[in-house]
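The structure appears right after this line, and notes come after that.
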Amino acid sequence: MKKIEAFIRHEAFEPIRMELLELGFPSLSISEVKGSGRQKGITERYRGAELTNWLRPKVKIECVVASGDVQTVVDAILKHARTGSIGDGKVFVLPVEEAYRIRTGESGEETLQAHPGVAAQAAS
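Dropping the structure here:
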């Protein structure tokens with residue numbers, strides 16, 4: 000299993016969510032975050048003073064998928080998040096050692112809500 004974390008622009012979220020839903024990946028955790036990187040800050044005037052905000056708002060998407068489904072999910076994120084401009088974001092793929100469903104005690108890939116064989120169907 001792998002955990003995918005993506006930091007993206009707000010406007011890219013809805014198309015990504017819709018495609019992941021269509022591909023059979025309904026389970027996402029979403030956070031509104033701020034961060035800094037290569038994207039420059041925004042300078043504004045407030046009460047006669049110039050203020051530069053270096054922290055830019057982003058959306059953080061997190062999902063845990065079977066190792067075989069990672070490329071399908073990453074491709075969907077890249078497809079909708081890439082504009083070619085600085086500030087498009089980043090995607091990280093991390094190993095997940097184990098997962099447990101609290102309600103039933105199930106463990107491993109049984110806890111994932113993706114439909115089996117999603118990556119194989121998408122590749123066909």
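103 is the number that numbering that gives the first Met the number 0 gives to position 104 of the sequence shown; each next residue is one higher, with no gaps.
No residue lacks a Cβ here, since even glycine has one placed at the ideal position from N, Cα and C.
Going straight from the alpha carbon of F6 to that of A48, what length do you get?
-> 31 Å
Around the Cβ of V32, are there at least 16 other Cβ atoms within 10 angstroms (buried) or fewer (exposed)?
-> exposed
Among L54, E43, L22 and S26, which residue has its Cα nearest to the Cα of G36?
-> L54
With V73 and V95 assumed to form a contact (beta carbons below 8 Å), what rounded beta-carbon distance in angstroms separates them?
-> Not quite, the Cβ-Cβ distance comes to about 15 Å (not below 8 Å), so this is no contact.
Start and end residues, beta strand (DSSP E) containing F12 = Counting along the chain, F12 falls outside any beta strand (DSSP E), though it belongs to the alpha helix (DSSP H) covering H9 to L22.
State the beta-bridge partners of K2 as determined by DSSP.
-> V63 and L93
Taking the C-alpha atoms as reference points, what is the distance between T51 and E61?
-> 29 Å
Q70: which of V92, K59, R81 and Q38 sits nearest, CA to CA?
-> V92
Proximity below 8 Å, CB of I76 to CB of V90 = yes
I29 classed as buried or exposed, judged by whether at least 16 other C-beta atoms fall within 10 angstroms | exposed
Terminal residues of the continuous beta strand (DSSP E) containing T51?
-> A48 to N52
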